[in-house]
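Undergrad: Supplied in structure tokens, the structure appears directly below.
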Amino acid sequence: MTDEGFRHPRLAALYDPLDPDRGDLDAYLCMAEEFGARQVLDIGCGTGVFALLLADRGIEVAGVDPAGASLDVARAKPAAGRVRWIHGDATDLPPMRVDLATMTANVAQAIVDPEVWAGTLRGAHAALRPGGRLVFETRDPARRAWEGWTREASWGVTEVEGVGAVETWFDLIEVSPPLVTFRGTYVFGADGAVLTSESTLRFRERDEVERDLADHGFVLEDVRDAPDRPGRELVFVARRP
Numbered sequence: 438m439t440d441e442g443f444r445h446p447r448l449a450a451l452y453d454p455l456d457p458d459r460g461d462l463d464a465y466l467c468m469a470e471e472f473g474a475r476q477v478l479d480i481g482c483g484t485g486v487f488a489l490l491l492a493d494r495g496i497e498v499a500g501v502d503p504a505g506a507s508l509d510v511a512r513a514k515p516a517a518g519r520v521r522w523i524h525g526d527a528t529d530l531p532p533m534r535v536d537l538a539t540m541t542a543n544v545a546q547a548i549v550d551p552e553v554w555a556g557t558l559r560g561a562h563a564a565l566r567p568g569g570r571l572v573f574e575t576r577d578p579a580r581r582a583w584e585g586w587t588r589e590a591s592w593g594v595t596e597v598e599g600v601g602a603v604e605t606w607f608d609l610i611e612v613s614p615p616l617v618t619f620r621g622t623y624v625f626g627a628d629g630a631v632l633t634s635e636s637t638l639r640f641r642e643r644d645e646v647e648r649d650l651a652d653h654g655f656v657l658e659d660v661r662d663a664p665d666r667p668g669r670e671l672v673f674v675a676r677r678p
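Under this note's numbering, think of the first position of the sequence shown as 438, with each following residue one higher.
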């Protein structure tokens, strides 16, 4: 099930203002250029930030996401008509042939169910042309990122244009490896509304991901470091033979 943070219209509209620095996407843009990708499938495209960056570079993009509210935000952006937006997930894609499929940010970790994860890998494989690549990131479990997901470490107030002040923080709910559950709280200063979104992420070990890729027909080409989070993330580059 999609988290409230992505499917509730009021929270989906906050995604970009609360995370305005998307320097994490630079590495993916560079890889699209490195691999000469002209058609890209953005799995878990959310509010469309990465898809639109690709489209700005003349790349043909399909963005798929199960959260309708996030897609509504994406479709309302300037030049959104350049992207093919698909409401759904990678387990049931329309026919396509792309050079590159991506899962940026927390997308791969947010797919916690093993069957859905397997279906996502099958869907990406089917969408890629021979020689095409799947690229995605996942946090290194050994770095225990969840230890910073506390109210003390995450509390803040952001002034959002057209919305007003929004107070936010995270609370760690449960750590049961490989699953970690946390809750985001959002307090709207304008009317006092309090909304929450509970999320569960799966922290996969490197060897688990490598096995999954091999089991679904991929050849692992590289495991890279995330330039913006050195030592904390694993970026997998896998090829469809």
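Idealized CB from N, CA, C, for every residue including glycine.
Buried or exposed: where does V660 fall if 16 or more other Cβ atoms within 10 Å of its Cβ makes it buried?
TA: Taking the sequence shown and counting its residues from 1, one reaches residue 660 at position 223. The residue in question, V660, is exposed, as its Cβ has fewer than 16 Cβ neighbours within 10 Å.
Undergrad: Helix, strand or coil: how does DSSP classify G560 here?
TA: Residue mapping note: residue 560 aligns to position 123 of the sequence shown, counting from 1. Helix at G560.
Undergrad: Since A499 is in the beta strand (DSSP E), which residue starts that stretch and which ends it?
TA: By 1-based counting over the sequence shown, the position of residue 499 is 62. That run of the beta strand (DSSP E) goes E497 to D502.
Undergrad: Do S634 and G442 have their C-beta atoms within less than 8 Å of each other?
TA: Translated into positions along the sequence shown, residue 634 becomes position 197. Translated into positions along the sequence shown, residue 442 becomes position 5. It is a contact, given that the beta carbons lie within the stated cut-off.
Undergrad: Within this structure, are the beta carbons of T605 and T618 separated by less than 8 Å?
TA: Against the sequence shown, residue 605 aligns to sequence position 168. Against the sequence shown, residue 618 aligns to sequence position 181. No; because the gap between Cβ atoms is not below 8 Å, this pair is not in contact.
Undergrad: So, using beta-carbon positions, are L448 and F487 closer together than 8 Å?
TA: Locating residue 448 in the sequence shown gives position 11, where the first residue counts as 1. Locating residue 487 in the sequence shown gives position 50, where the first residue counts as 1. No, Cβ-Cβ distance for L448 and F487 is not below 8 Å.
Undergrad: Exposed or buried, L478, counting other C-beta atoms within 10 Å across all chains shown (16 or more means buried)?
TA: Start at 1 with the first residue of the sequence shown, and residue 478 comes out as number 41. Under this definition L478 is a buried residue.
Undergrad: Would E584 be called buried (16 or more neighbouring beta carbons within 10 Å of its own) or exposed?
TA: Taking the first residue of the sequence shown as position 1, residue 584 is located at position 147. Classification for E584: exposed.
Undergrad: Can you give me the start and stop residues for the beta strand (DSSP E) that F673 sits inside?
TA: Here residue 673 refers to the residue found at position 236 when the sequence shown is read from its first residue. E670 to R676 is the span of the beta strand (DSSP E), which, as asked, contains F673.
Undergrad: State the start and end residues of the unbroken beta strand (DSSP E) segment that holds E607.
TA: Along the sequence shown, read from residue 1 onward, the residue named residue 607 stands at position 170. A small fix is needed here, since residue 607 is Phe in this sequence, not Glu. Unbroken beta strand (DSSP E) run through F607: G601 to S613.
Undergrad: Give me the Cα-Cα distance between V674 and A464, rounded to the nearest whole angstrom.
TA: For the purposes of this step, residue 674 is taken as the residue at position 237 of the sequence shown. For the purposes of this step, residue 464 is taken as the residue at position 27 of the sequence shown. V674 and A464: Cα-Cα distance of roughly 12 Å.
Undergrad: Beta strand (DSSP E) containing P567: first to last residue?
TA: Locating residue 567 in the sequence shown gives position 130, counting from the first residue. Looking at the DSSP string, the run of the beta strand (DSSP E) that includes P567 is L565 to R576.
Undergrad: Could you tell me which residues DSSP pairs with T637 in its beta bridges?
TA: As a first step, residue 637 must be located in the sequence shown, where it is residue number 200. The partner list for T637 (beta bridge, DSSP) reads T618.
Undergrad: Is V624 helix, strand or coil when you go by DSSP?
TA: The sequence position of residue 624 within the sequence shown is 187, counting from 1. Residue state, collapsed to three classes: strand.
Undergrad: Going by C-alpha to C-alpha distance, which of A602, V535, D536 and V656 sits closest to A630?
TA: The count along the sequence shown starts at 1 and reaches residue 630 at position 193. Nearest option by C-alpha distance: A602.
Undergrad: Below 8 Å between beta carbons: does that hold for R639 and V549?
TA: Position 202 of the sequence shown holds residue 639. Position 112 of the sequence shown holds residue 549. Closer than 8 Å, so yes.
Undergrad: Please name the residue, chosen from L455, S507, P454 and D493, that lies closest to D440 on a Cα-to-Cα basis.
TA: What you label residue 440 is simply residue 3 of the sequence shown in a count that begins at 1. Ranking L455, S507, P454 and D493 by Cα distance to D440 puts S507 first.
Undergrad: Taking Cβ positions, are V510 and A450 nearer each other than 8 Å?
TA: Numbered from 1 along the sequence shown, position 73 holds the residue referred to as residue 510. Numbered from 1 along the sequence shown, position 13 holds the residue referred to as residue 450. Cβ distance < 8 Å, so V510 and A450 count as in contact.
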